[in-house]
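This note's numbering puts the last residue of the sequence shown at 938; the count rises by one with no breaks.
Quick reminder that beta carbons are idealized off the backbone N, C-alpha and C, glycines included.
Take a look at the structure below.
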Amino acid sequence: MWKWLRKTGGTVFFPLIVICLVFAASGTALSEDPGEEIQGDTGNTATVRIDSKTTDNLLTDRGIFRVDEMTVFYDEDGKKMSFSLLPVPCKAEISYESGLGDPEARSVKLIKALPGAVTYFQSPTPE
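Pasting the structure below:
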């Protein structure tokens, strides 16, 4: 095999393969906008105003975000807190994953509770 590699220009071919493997392993990708970072599997982040919450959803100015037992909530100091303690309305940063239907919130960090904020859940509106 090595004889074949030397005969076919292995001195050029081998370094190209190494460069491609290093590039692929670094997780770097090119985008149309050189300043744009490509998001990995971790999803997206949005700063939103959360207007209300149900046991399964957050209603925000950017739409509905689903929450489940995997969603982690943080207070203004970055400490974990219970979903039931999240005051609404509030400003928050939501990390989420898009998929079919409403995006799934993976983490919610409280930025600031807004005037009139309460911690109780609202009943879902019947469809």
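Would you report the Cα separation of residue 908 and residue 916, rounded to the nearest angstrom?
Here the question's residue 908 lines up with position 97 in the sequence shown. Here the question's residue 916 lines up with position 105 in the sequence shown. The alpha-carbon atoms of residue 908 and residue 916 are separated by roughly 7 Å.
Have a look at residue 934 and residue 856 and give me their C-alpha separation to the nearest angstrom.
Numbered from its first residue, the sequence shown carries residue 934 at position 123. Numbered from its first residue, the sequence shown carries residue 856 at position 45. About 26 Å.
With respect to the beta strand (DSSP E) encompassing residue 896, which residues constitute its N-terminal and C-terminal limits?
Reading the sequence shown from its first residue, position 85 is the one you call residue 896. First-last for residue 896: undefined, no H or E at that position.
Where does residue 841 land, buried or exposed, given buried means 16+ other C-beta within 10 angstroms?
Translated into positions along the sequence shown, residue 841 becomes position 30. Because the pLDDT at residue 841 is just 42, under 50, the model does not fix this residue reliably, and the point stays unresolved.
Quick one: Cα of residue 866 to Cα of residue 889, how far?
Taking the sequence shown and counting its residues from 1, one reaches residue 866 at position 55. Taking the sequence shown and counting its residues from 1, one reaches residue 889 at position 78. Their backbone Cα atoms lie some 22 Å apart in a straight line.
In its own chain, which residues sit with a C-beta less than 8 Å from the C-beta of residue 922, not counting the 5 before and 5 after it?
Position 111 of the sequence shown, counted from the first residue, corresponds to residue 922. Correct list, in chain order: 858, 887, 901, 902, 903 and 904.
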